[in-house]
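Some notes on the structure that comes next.
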Amino acid sequence: MTTTAPPSRVRPLPDADTPPGGSGGGTSRRRVIGRTPRAFYWMVVPALVLFAALHTVPALIGIFYSFTNYAGYGTWDIIGIGNYVALFQDDRVLRAYGFTFGVAIVATILVNVFSLLLALFLNAKIKFQSAFRGIFFIPYVLSILVVGYVFQYIFANSLPQIFSGIPLFRDNILANPDWAWLAIVTLTVWQGVAFSTILYIAGLQTIPQELYEASSIDGASTVRQFWAITFPLIGAFFTINMVLSMKNYLQVFDQIIPLTNGGPGTSTESITLLIFRGGFQGGEYAYQTTNAVVYLVVIILVSLVQFRILQRREVDF
Amino acid sequence: MHHSIPRPHAGPRRRRRLLTAIVVTAVASATLSGCAPSGDAGVTTLDFFQFKGEATADFQRIVADFEAENPDIDVQLNTVPDPDTALRTLLVKGKTPDVLTVNGSGNYGQLARAGVFHDFTGDPLVEQQNPAVLDILDALGSFEGDEINALGMANNADGIVYNKQIFEEQGLEVPTTWDELIAVCDALEDAGIPAFYGTLADAWTAIPAWNALGGQLQPDDFYDDLRAEGGDVGPDSAVSFSADYTEAMEKLQTLYSYAQDGYRSRGYEDGNAAFANGESAMYLQGIWTINPILAANPDIELGVFPYPAGEDPDDVRLTSGVDVAVTIGRDTPHLAEAQRFVEYLLSPEVVDGFVESQVMFSTLADAGPNPNPVLAELVPYFDDGRIIGFIDHQIPASIPLQPIVQQYLLDGNMDAALANLDNEWRKVALRSTRTEE
Numbered sequence: 001m002t003t004t005a006p007p008s009r010v011r012p013l014p015d016a017d018t019p020p021g022g023s024g025g026g027t028s029r030r031r032v033i034g035r036t037p038r039a040f041y042w043m044v045v046p047a048l049v050l051f052a053a054l055h056t057v058p059a060l061i062g063i064f065y066s067f068t069n070y071a072g073y074g075t076w077d078i079i080g081i082g083n084y085v086a087l088f089q090d091d092r093v094l095r096a097y098g099f100t101f102g103v104a105i106v107a108t109i110l111v112n113v114f115s116l117l118l119a120l121f122l123n124a125k126i127k128f129q130s131a132f133r134g135i136f137f138i139p140y141v142l143s144i145l146v147v148g149y150v151f152q153y154i155f156a157n158s159l160p161q162i163f164s165g166i167p168l169f170r171d172n173i174l175a176n177p178d179w180a181w182l183a184i185v186t187l188t189v190w191q192g193v194a195f196s197t198i199l200y201i202a203g204l205q206t207i208p209q210e211l212y213e214a215s216s217i218d219g220a221s222t223v224r225q226f227w228a229i230t231f232p233l234i235g236a237f238f239t240i241n242m243v244l245s246m247k248n249y250l251q252v253f254d255q256i257i258p259l260t261n262g263g264p265g266t267s268t269e270s271i272t273l274l275i276f277r278g279g280f281q282g283g284e285y286a287y288q289t290t291n292a293v294v295y296l297v298v299i300i301l302v303s304l305v306q307f308r309i310l311q312r313r314e315v316d317f
Numbered sequence: 001m002h003h004s005i006p007r008p009h010a011g012p013r014r015r016r017r018l019l020t021a022i023v024v025t026a027v028a029s030a031t032l033s034g035c036a037p038s039g040d041a042g043v044t045t046l047d048f049f050q051f052k053g054e055a056t057a058d059f060q061r062i063v064a065d066f067e068a069e070n071p072d073i074d075v076q077l078n079t080v081p082d083p084d085t086a087l088r089t090l091l092v093k094g095k096t097p098d099v100l101t102v103n104g105s106g107n108y109g110q111l112a113r114a115g116v117f118h119d120f121t122g123d124p125l126v127e128q129q130n131p132a133v134l135d136i137l138d139a140l141g142s143f144e145g146d147e148i149n150a151l152g153m154a155n156n157a158d159g160i161v162y163n164k165q166i167f168e169e170q171g172l173e174v175p176t177t178w179d180e181l182i183a184v185c186d187a188l189e190d191a192g193i194p195a196f197y198g199t200l201a202d203a204w205t206a207i208p209a210w211n212a213l214g215g216q217l218q219p220d221d222f223y224d225d226l227r228a229e230g231g232d233v234g235p236d237s238a239v240s241f242s243a244d245y246t247e248a249m250e251k252l253q254t255l256y257s258y259a260q261d262g263y264r265s266r267g268y269e270d271g272n273a274a275f276a277n278g279e280s281a282m283y284l285q286g287i288w289t290i291n292p293i294l295a296a297n298p299d300i301e302l303g304v305f306p307y308p309a310g311e312d313p314d315d316v317r318l319t320s321g322v323d324v325a326v327t328i329g330r331d332t333p334h335l336a337e338a339q340r341f342v343e344y345l346l347s348p349e350v351v352d353g354f355v356e357s358q359v360m361f362s363t364l365a366d367a368g369p370n371p372n373p374v375l376a377e378l379v380p381y382f383d384d385g386r387i388i389g390f391i392d393h394q395i396p397a398s399i400p401l402q403p404i405v406q407q408y409l410l411d412g413n414m415d416a417a418l419a420n421l422d423n424e425w426r427k428v429a430l431r432s433t434r435t436e437e
């Protein structure tokens, strides 16, 4: 009590000006004990305002425009659900969905397999552990557009010379309508593994060492330890990685621009690329906004389904 | 004590505050005097939106000359990357520039139809334009279909660029019909020289040839009829890509069969460098590649001839677009000053100097002779008005034309490509008729 006394004697001065607060010490104690301190609510306000102004409001405006024929400039009228009717009859949109989901599923699986293996390696007792962790995180820091142009050069110029015996690589995989997606997945995985690895390392560090000691006394092999201890105990991290990866790769865009720009033909045209092309370059702003609104709902649904399925198999200790 | 403690703090703080105030005032006044019209009552500031990044230096010179002659007008030259998006952003904000240069593309047509630009009808400048240029601009679109919303300043040309040294060594003549072109290709093939350098990795590089062949081989008024069909375009409609574009597509594929090995994986930059180094005899591009090619090899001797699509040399038309058009914002408060500036931009001396520097063609009816020898073979087509516009400007930007043509050249499935074009046209037409109701 003696330590708290001097501050409480200083505080009443400013507090005295605030009208209904009552006498200082009592109020502040009630603020803390009764419920969450009001200050915490005020701390949330700036983020809330920014989120609403920069995210929620634009999203609502976008939803509104999806019911208009706005071209991005000039006059417009409200046209009801016409854009939605046209959207569901547009085979180009369906093709883009097919491509996007294919890439997203393959990339999600590969990213999680590789990053889990990498996390196990980086969490083991190896030399230069933190140096390796730093090196493997570099891809995440680099701009994907810059890396994309480097990969584009590798696929278009280096690989054709190195693998001049393999037709797929010799003829520039990026110009191959059937396999160009593989190049996009390669770049996506190369870049995406870094972030998932960090999350998995964090997860691995939450597992108590005693479990491994106890199980090794019981004679469990390393593989058995992984499936019986490690994997179940990082379940929550597995869930969040799967959901985040899927959500990110459903929005694949940056990788495509430098590598194929949607080509050859429209074989690597993702939904987001289609929205950008049609909406900003094709003068069909409202129509592609409709596409974006529908896609927002699809992504939310996919994420919810993933959460439901994956959380069921998580274990808590 | 209580009063003496704050003082040592207040001193520096007040001094710092004073310093900040001085700095802020200084910066603000500097910025303001930089932005605001310089205080002279009689000076009008014109906002000049200039889209062509390659021509910035030319326009800086032109603007400086104009300001020297017209001290009462201050022209603010703005050149931005991605001008289409930048202009749309300005329009959304209601900040239409006073004077603009625009590219004569489908995009220009959209904006003109939306009523963004001034109507030049009755302006004496219209009389000075090459009528073919006015036709090209009119075909792109105008407000309510009967205004003149822009005037041409420089025209480009879509022709086959060829290497004069290789043609001379092989004893080849410039072809004037399709059969002669194929004969040239066969002769080059026998000599082991690729006729063309293909760069299909960049989808758009197939479009110059497609434009030239399609524009010459399609039925008259094809796009007017296609627009009239609108949402009914398909295998059974009176006009369609499937019915009317087979010859152009077949001939395009034939040209690419003479391209070098690996043409599928090369890009535009590769093509410019390779053609400059004599790796092929011809190049399926337009006159916009001349400067990049000369940059890679200043000693190359170039010529350009129009794509000969048919059997009669007299039917050959040069595909040409208005590369730089000049226009005025519809509601500019400085119309008289803007008109004076446009009149200066389109005066014969300015246009001649500009097209010479940019390796392009004058849009004026009585243009001075273009001194560039590379373009010499194309000049008669302009003088006789034997020019047609780019057909891809008639196709809405939301149709993926470039990818479809690229895919066709890769897989050779012409029926699928043409059906795809018909289908996309039908869908876009349905969406836009729906929106106009």
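Protein chains in written order, with full-length UniProt numbering: chain A, 1 to 317; chain B, 1 to 437. Ideal placement from N, C-alpha and C gives every residue a C-beta, glycine not left out. Keep in mind it's a predicted model, so treat the numbers as computed, not measured.
Inter-residue CB distance, PRO177/A and GLN358/B (contact presumed, cutoff 8 angstroms)
In the first sequence, counting from the first residue as 1, residue 177/A sits at position 177. In the second sequence, counting from the first residue as 1, residue 358/B sits at position 358. The pair is not a contact, with the Cβ atoms about 37 angstroms apart (cut-off 8 angstroms).
Excluding the 5 residues flanking ARG133/A on each side, which residues of the same chain have their C-beta closer than 6 angstroms to its C-beta?
Counting from one through the first sequence, the residue named residue 133/A turns up at place 133. Contacts found: LEU122.
Per-residue DSSP class, three states only, for LEU318/B
Position 318 of the second sequence, counted from the start, is the residue given in the question as residue 318/B. LEU318/B: strand per DSSP, three-state reduction.
Taking only runs that begin and end inside the stretch 358–408 of chain B, name each unbroken beta strand (DSSP E) of 3 or more residues, in chain order.
Restricting attention to beta strand (DSSP E) runs no shorter than 3 residues, the stretch 358–408 of chain B encloses none.
According to a CB-to-CB cut-off of less than 7 angstroms, which residues of the stretch 275–295 of chain A neighbour chain B?
Cβ contacts with chain B come from GLY278, PHE280, GLN281, GLY282, GLY283, GLU284, TYR287.
Does the distance from the C-beta atom of ALA156/A to that of LEU174/A stay below 7 angstroms?
Translated into positions along the first sequence, residue 156/A becomes position 156. Translated into positions along the first sequence, residue 174/A becomes position 174. Against a cut-off of 7 angstroms, the Cβ pair of LEU174/A and ALA156/A comes out as a contact.
Can you give me the C-alpha to C-alpha distance between TRP190/A and ALA107/A, rounded to a whole angstrom?
Here residue 190/A corresponds to residue number 190 of the first sequence, with the count starting at 1. Here residue 107/A corresponds to residue number 107 of the first sequence, with the count starting at 1. Those two C-alpha atoms are separated by around 10 angstroms.
Spell out whether any CB of chain B is found under 7 angstroms from the CB atom of THR266/A.
Taking the first sequence and counting its residues from 1, the one referred to as residue 266/A is at position 266. So yes, THR266/A belongs to the interface.
Taking 7 angstroms as the threshold (beta carbon to beta carbon), is GLN406/B in contact with chain A?
Position 406 of the second sequence holds residue 406/B. At least one CB atom of chain A sits nearer than 7 angstroms to the CB of GLN406/B.
How long is the line joining the alpha carbons of VAL355/B and GLN255/A, rounded to whole angstroms?
Residue mapping note: residue 355/B aligns to position 355 of the second sequence, counting from 1. Residue mapping note: residue 255/A aligns to position 255 of the first sequence, counting from 1. The straight-line gap from Cα to Cα measures roughly 39 angstroms.
Which residues in chain B have a C-beta closer than 8 angstroms to the C-beta of ALA175/A? List them in chain order.
As a position in the first sequence, residue 175/A is number 175, starting the count at 1. Correct list: LEU200, ALA201, ARG264, SER265, LEU410.
Check whether the stretch 380–400 of chain B and the stretch 99–113 of chain B are in contact - that is, three or more C-beta pairs closer than 8 angstroms.
Contact holds: three or more Cβ-Cβ distances are below 8 angstroms.
With three or more beta-carbon pairs closer than 8 angstroms as the criterion, would you say the stretch 203–212 of chain B touches the stretch 232–252 of chain B?
Output reads yes: the stretch 232–252 of chain B touches the stretch 203–212 of chain B.
For ALA325/B, the nearest candidate out of MET360/B, PRO333/B, ASP312/B, GLU337/B (CA to CA):
Looking up residue 325/B in the second sequence gives position 325. Answer by Cα proximity: MET360/B.
Checking contacts by CB at 7 angstroms: is ALA86/A closer than that to chain B?
For the purposes of this step, residue 86/A is taken as residue 86 along the first sequence, with counting starting at 1. Chain B contact via Cβ: present.
LEU302/B - DSSP class collapsed to helix/strand/coil
Position 302 of the second sequence, counted from the first residue, corresponds to residue 302/B. The answer is strand: DSSP assigns LEU302/B an E or B state.
With DSSP as the reference, label LEU142/A as helix, strand or coil.
Numbered from 1 along the first sequence, position 142 holds the residue referred to as residue 142/A. In this structure, LEU142/A counts as coil in the three-state DSSP scheme.
Span separating the alpha-carbon of VAL85/A from that of ALA376/B
Taking the first sequence and counting its residues from 1, the one referred to as residue 85/A is at position 85. Taking the second sequence and counting its residues from 1, the one referred to as residue 376/B is at position 376. Using only the alpha carbons, I get a separation of about 54 angstroms.
Enclosing alpha helix (DSSP H) for PHE276/A [first to last residue]
Reading the first sequence from its first residue, position 276 is the one you call residue 276/A. Residue range 271–276 is occupied by the alpha helix (DSSP H) that includes PHE276/A.
Closer than 7 angstroms to chain A by CB, GLY34/B
Indexing the second sequence from 1 puts residue 34/B at position 34. Residue confidence is low: GLY34/B scores 44 on pLDDT, short of 50, so the model does not pin down where it sits. Its coordinate-derived value is still stated next. Using beta-carbon distances, GLY34/B does not count as an interface residue toward chain A, since no partner is under 7 angstroms.
Rounded to whole angstroms, what is the Cα-Cα separation between PHE51/B and TYR162/B?
The residue you call residue 51/B lines up with position 51 of the second sequence. The residue you call residue 162/B lines up with position 162 of the second sequence. Taking the CA atoms as reference points, PHE51/B sits about 29 angstroms from TYR162/B.
Cβ-based burial, GLY39/B [other Cβ within 10 Å; buried from 16]
Reading the second sequence from its first residue, position 39 is the one you call residue 39/B. Low per-residue confidence applies at GLY39/B: pLDDT is 45, beneath 50, and the placement is therefore not dependable, though the value from the model is reported in the following sentence. So GLY39/B ends up on the exposed side.
Contact list for ALA397/B against chain A, beta-carbon separation under 8 angstroms
For the purposes of this step, residue 397/B is identified with residue 397 of the second sequence, where counting begins at 1. Within 8 angstroms Cβ-Cβ: GLN281, GLY282, GLY283.
Please state the DSSP three-state secondary structure of ILE79/A.
Position 79 of the first sequence, counting from 1, holds the residue named residue 79/A. The answer is coil: DSSP assigns ILE79/A none of H, G, I, E or B.
Could you check where the beta strand (DSSP E) with ASP74/B kicks off and where it finishes?
Position 74 of the second sequence holds residue 74/B. It spans 73–79 - the beta strand (DSSP E) in which ASP74/B sits, taken as one unbroken run.
Measure from the C-beta of GLY62/A to each C-beta in chain B and report whether the shortest distance is under 7 angstroms.
On the first sequence, position 62 is the one that residue 62/A refers to. Between GLY62/A and chain B, the shortest Cβ-Cβ separation is not below 7 angstroms.
Against chain B: residues of the stretch 152–167 of chain A by CB proximity under 8 angstroms:
Interface annotation for the stretch 152–167 of chain A against chain B: ALA156, PRO160, criterion Cβ-Cβ distance under 8 angstroms.
Neighbourhood of residue 322/A by C-beta, 6 angstroms cutoff - its chain only, sequence neighbours within 5 removed:
No answer is possible for residue 322/A: the residues shown for chain A start at 1 and end at 317.
Can you give me the C-alpha to C-alpha distance between PHE114/A and PHE226/A, rounded to a whole angstrom?
Numbered from 1 along the first sequence, position 114 holds the residue referred to as residue 114/A. Numbered from 1 along the first sequence, position 226 holds the residue referred to as residue 226/A. C-alpha separation (whole angstroms): 15 angstroms.
In three-state DSSP terms, what is TYR283/B?
Reading the second sequence from its first residue, position 283 is the one you call residue 283/B. The DSSP-derived three-state label of TYR283/B is strand.
Label VAL92/B either buried or exposed according to how many other C-beta atoms from any shown protein chain fall within 10 Å of its C-beta, with 16 as the threshold for buried.
Here residue 92/B refers to the residue found at position 92 when the second sequence is read from its first residue. VAL92/B is exposed by the Cβ-count criterion.
Look at the alpha carbon of ARG340/B and the alpha carbon of ASN149/B, and state the distance between them as a whole number of angstroms.
As a first step, residue 340/B must be located in the second sequence, where it is residue number 340. As a first step, residue 149/B must be located in the second sequence, where it is residue number 149. Going from the Cα of ARG340/B to the Cα of ASN149/B covers about 17 angstroms.
Does ARG426/B come within less than 7 angstroms of chain D when only Cβ atoms are used?
Protein chains A and B are contained in the structure displayed, whereas chain D is not.
Compare the C-beta of GLN129/B with all C-beta atoms of chain A and state if any pair is closer than 7 angstroms.
Here residue 129/B refers to the residue found at position 129 when the second sequence is read from its first residue. No, its Cβ sits nowhere closer than 7 angstroms to a Cβ of chain A.
In chain order, what are the residue ranges of uninterrupted alpha helix (DSSP H) at least 4 long that sit wholly in the stretch 101–187 of chain B?
Look at the stretch 101–187 of chain B and you find these whole runs of alpha helix (DSSP H), each 4 residues long or longer: 106–113, 124–127, 131–140, 164–169.
Is the stretch 225–243 of chain B in contact with the stretch 411–426 of chain B, if contact means three or more CB pairs nearer than 8 angstroms?
Enough Cβ pairs lie closer than 8 angstroms, so yes.
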